[in-house]
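Only one structure is covered here, and it is reproduced in the block below.
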Amino acid sequence: MTIKKIELAPSLLSCDFGHIEKEIQMAVEAGCQYIHWDVMDGHFVPNISLGVPVIASLRKKCNIIFDVHLMIENPQAFIEPFQKAGSDIITFHIETTDNPKQIINDIKSKKIKAGVSINPYTPIESVYEILDSVDLILLMTVNPGFGAQSFIPEVLPKIKTLRNIIESRNLSFLLEVDGGINLQTVTEVLDAGANLIVAGSSIYHSKDPKKTIQQFKEIFEKY
Ligand code: DX5
Ligand code: ZN
824 MTIKKIELAP SLLSCDFGHI EKEIQMAVEA GCQYIHWDVM DGHFVPNISL
874 GVPVIASLRK KCNIIFDVHL MIENPQAFIE PFQKAGSDII TFHIETTDNP
924 KQIINDIKSK KIKAGVSINP YTPIESVYEI LDSVDLILLM TVNPGFGAQS
974 FIPEVLPKIK TLRNIIESRN LSFLLEVDGG INLQTVTEVL DAGANLIVAG
1024 SSIYHSKDPK KTIQQFKEIF EKY
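According to our numbering, the sequence shown holds residues 824 to 1046 in order.
Next up, the structure:
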């Protein structure tokens, strides 16, 4: 299996929130194209993180793709504020809506990319109806809500299934994975076919985050 381009999206959830600009700058200097924002509402997930004003403030200072992962109920109501804040990709959870196509259309009508995320134990069939219209599928490899949890290997067959669908139907959406990804588990998700890799604690809690990013990139080059 050949995956053309693999990218890393460091998750800011594990960074020093007192120095977010510096933490993003570190990722830019290490050659990352993406930065991953985790937005939590205390309802869809049992945690609260950050929201529109923080993202808007950093948008003015950083030129990197803002990959915004909404772990919130009623995502439809928040598409416009997050687009205006400067998101390049908005990803919402399939578990939060009965009308994903409408939300995807709303996001795309704002000339940004639309992603759909799916929890580890939600059946993969729940995203089948939107595969033709989406720019990105985000497979959670932990239960969402917190950084630094352990990778759930039961998600690997889902990654393989989606990679097979992409290839057999000649689709082009990004296949993103998020949760428990480190320099060991990353090979499993790459073998399965993921091509956008979120990593939070394994980068920002490491002694030398730039070096860790470099090590991820060296692994990517083997694929
Ligand atoms: C979890 C978030 C993740 C999280 C990943 O709910 O969606 O993006 O930051 O953190 P690690 O890489 O530490 O599992
Ligand atoms: Zn995330």
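The beta-carbon is built from N, C-alpha and C at its ideal position, and this holds for glycine as well.
For the options Glu948, Glu952, Asp911, the alpha carbon positioned closest to that of lysine 936 is the one of Asp911. The nearest non-hydrogen atom of the ligand DX5 is 7 Å or more from the C-beta of phenylalanine 915. The DSSP-derived three-state label of serine 834 is strand.
Sequence-distant partners of proline 869 (beyond 5 residues in either direction) whose C-beta falls short of 6 Å from its own C-beta, in its chain, are Gly968. Rounded to the nearest angstrom, the gap between the Cα atoms of glutamate 1044 and threonine 1010 is 11 Å. When the Cα atoms are used, valine 862 and threonine 1008 turn out to be separated by approximately 24 Å.
Our two residues, glutamate 918 and alanine 1022, have alpha carbons roughly 23 Å apart in a direct line. Residue pairing by DSSP places threonine 914 opposite His892, Gly938 in a beta bridge. Residue side-chain check: valine 1021 places its Cβ nearer than 7 Å to a non-hydrogen atom of the ligand ZN. In the DSSP annotation of this structure, the continuous segment of the beta strand (DSSP E) that includes glutamate 999 starts and ends at 997-1001. One thing to note: valine 957 has its Cβ no nearer than 8 Å to the Cβ of glycine 1002.
Assigned with DSSP and collapsed to three states, aspartate 929 falls in helix. If you ignore the 5 residues before and after glycine 874, its C-beta comes within less than 8 Å of the C-beta of Val862, all in its own chain and listed in chain order. In chain order, Gln1038 place their CB closer than 6 Å to the CB of leucine 1006, counting only its own chain and leaving out the 5 sequence neighbours on each side. Put simply, of Phe840, Gly854, Leu836 the residue whose alpha carbon is nearest the alpha carbon of lysine 1034 is Gly854.
Looking at Lys924, Ile888, Met894, Ile927, the one whose alpha-carbon comes closest to that of alanine 908 is Ile888. Closest option to alanine 1015, judged by alpha-carbon separation, among Ile847, Arg986, Phe996: Arg986. For leucine 962, there is no enclosing alpha helix (DSSP H); the enclosing beta strand (DSSP E) covers residues 959-963.
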